[in-house]
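Reviewing the structure listed below.
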Amino acid sequence: MQYIVDSAHLEEIRECVEFYPLDGVTTNPTIISKEHSDFVKLIKEIRAIIGAERMLHIQTTATTSEAIVKEAVALMEAVGGDFYIKVPISPEGLKATMALKRMGIKVTETAIFTPQQALIAAKAGASYIAPYVNRLDNIVSDGVHVVSEIVEMFKRYDIDCKVLAASFKNTEQIHKIAMVGAHAVTISPDLFKKLTYHPLTLYAIDDFQKDWESVYGDETVLDLLEEK
Ligand code: G3P
Numbered sequence: 001m002q003y004i005v006d007s008a009h010l011e012e013i014r015e016c017v018e019f020y021p022l023d024g025v026t027t028n029p030t031i032i033s034k035e036h037s038d039f040v041k042l043i044k045e046i047r048a049i050i051g052a053e054r055m056l057h058i059q060t061t062a063t064t065s066e067a068i069v070k071e072a073v074a075l076m077e078a079v080g081g082d083f084y085i086k087v088p089i090s091p092e093g094l095k096a097t098m099a100l101k102r103m104g105i106k107v108t109e110t111a112i113f114t115p116q117q118a119l120i121a122a123k124a125g126a127s128y129i130a131p132y133v134n135r136l137d138n139i140v141s142d143g144v145h146v147v148s149e150i151v152e153m154f155k156r157y158d159i160d161c162k163v164l165a166a167s168f169k170n171t172e173q174i175h176k177i178a179m180v181g182a183h184a185v186t187i188s189p190d191l192f193k194k195l196t197y198h199p200l201t202l203y204a205i206d207d208f209q210k211d212w213e214s215v216y217g218d219e220t221v222l223d224l225l226e227e228k
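Structure below.
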């Protein structure tokens, strides 16, 4: 499964690149606006931090297909590397997706809430579709079930489009999404920390340390190897 961070906060992204096996960054206008920053400088800095090889998904704010295509081309030129234009699903968005597919520009169709939206976006040529798990849970619509139906449909029809589950509030949602075979999740930096934390792991590490020190004091493995 691919792990992507849903953030435009430079320090958070830097930390995720350093400490986790990060596959990319997703943003949306809400996430970008939280930074109150020079937009172009910000997205170029994100690219510089993650390198050309990690995915960068940036959302369009245009509402007509022609304007979406123009924005996608300009954004791709500005940030380079492995770039995806995020397009919220709508008739104009789908028209833009089909045009972008013909042009070889990769699309992540976003704001997906139903399996049929996902199927149509995939057929239009999206490389990823992004269903919103927690927002579905908030309206008692079972985000994991919706994602499982999308994964199942894509398998059944042998569709070349990945499911990038988005909108998470806890680790349980992420675990269940992994169990139904989503290809990718985009999560907050805070959830990266929560996914890898367990108090028993900390106790175990502490015990290993104490047992080692009871015999070797503060000498490290490297110290002992270098003494030979
Ligand atoms: O990119 C979509 C995702 O960020 C939505 O998450 O937490 O606003 O529901 P949230």
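Letter by letter, the sequence shown follows residues 1 to 228 in the working numbering.
By construction, the Cβ of each residue, glycine as well, lies at the ideal position given by its N, Cα and C atoms.
If you're wondering where the values come from, they're calculated on a predicted model, not measured in any experiment.
What are the partner residues of Gly51, as DSSP defines its beta bridges? None, per the DSSP bridge assignment.
Does Thr216 come out as helix, strand or coil in the three-state DSSP assignment? According to the sequence provided, residue 216 is Tyr. The question's Thr does not apply to it. Of the three classes helix, strand and coil, the one that applies to Tyr216 here is helix, per DSSP.
Which of the three DSSP states, helix, strand or coil, is assigned to Val180? Correct three-state label for Val180: coil.
Pop quiz: Leu56 and Gly81 are said to be a contact at Cβ under 8 Å. What is the actual Cβ separation, rounded to whole angstroms? In this structure Leu56 touches Gly81 by the C-beta definition: roughly 6 Å separates them, less than 8 Å.
Between which two residues does the beta strand (DSSP E) containing Ile68 stretch? Segment Ser65 to Val79 is the alpha helix (DSSP H) holding Ile68; no beta strand (DSSP E) there.
Quick check: does the Cβ of Ser167 come within less than 7 Å of any heavy atom belonging to the ligand G3P? Correct: Ser167 has its Cβ closer than 7 Å to the ligand G3P.
Whole-number beta carbon distance between Ile112 and Lys86, since they are thought to touch under 8 Å: Not really, about 11 Å apart at Cβ, beyond 8 Å.
Host alpha helix (DSSP H) of Asp160 (start-end): No alpha helix (DSSP H) contains Asp160, which DSSP labels as neither H nor E.
Is DSSP giving Ala62 helix, strand or coil here? Assignment of Ala62 by DSSP, reduced to helix, strand and coil, places it in the coil class.
Note down, in chain order, each residue of its chain lying with its Cβ closer than 7 Å to the Cβ of Lys176, except the 5 sequence neighbours on either side. The beta carbon of Lys176 is closer than 7 Å to those of Val144 in its chain, skipping five residues each way along the sequence.
Using a Cβ-Cβ cut-off of 8 Å (strictly less than) and excluding sequence neighbours within five positions of Val79, which residues of its own chain qualify? Ile43, Lys44, Ile46, Arg47, Leu56 and Ile58.
Can you tell me whether Val133 is buried or exposed? The criterion is at least 16 other CB atoms within 10 Å of its CB, across all chains shown. It counts as buried.
Considering only DSSP beta bridges, list what His57 is partnered with. The partner list for His57 (beta bridge, DSSP) reads Thr26 and Tyr84.
Does any heavy atom of the ligand G3P sit closer than 7 Å to the C-beta of Asp6? Asp6 has its Cβ nearer than 7 Å to a heavy atom of the ligand G3P.
How long is the line joining the alpha carbons of His183 and Gln2, rounded to whole angstroms? C-alpha separation (whole angstroms): 6 Å.
First and last residue of the uninterrupted alpha helix (DSSP H) at Pro91: Its alpha helix (DSSP H) spans residues Pro91 to Met103.
Taking the alpha-carbon of Ala74 as reference, which of Ile105, Glu149 and Gly181 has the nearest alpha-carbon? For Ala74, the nearest C-alpha among the options comes from Ile105.
Buried or exposed by the 16-neighbour rule on C-beta atoms within 10 Å, applied to Tyr128: By the neighbour-count rule (16 or more Cβ atoms within 10 Å), Tyr128 is buried.
Flag Tyr3 as yes when its Cβ comes closer than 7 Å to any non-hydrogen atom of the ligand G3P, and as no otherwise. Tyr3: no, Cβ never under 7 Å from the ligand G3P.
Which residue's Cα is closest to the Cα of Thr26: Ile159, Val107 and Asp206? Taking only the C-alpha atoms, the option nearest Thr26 is Val107.
Would you check whether the ligand NAP has a heavy atom nearer than 7 Å to the C-beta of Ala130? Questions concerning the ligand NAP fall outside what the structure shown contains, since the ligands it does hold are the ligand G3P.
Apart from the five residues on each side of it in sequence, which residues of its chain come closer than 7 Å, Cβ to Cβ, to Val180? Within the same chain, Val180 has close Cβ partners Val144, Val147, Ser148 and Val151.
On a Cα-Cα basis, can you pick out the residue from Met76, Pro88 and Glu53 that is closest to Thr63? That would be Pro88, whose Cα lies nearest to the Cα of Thr63.
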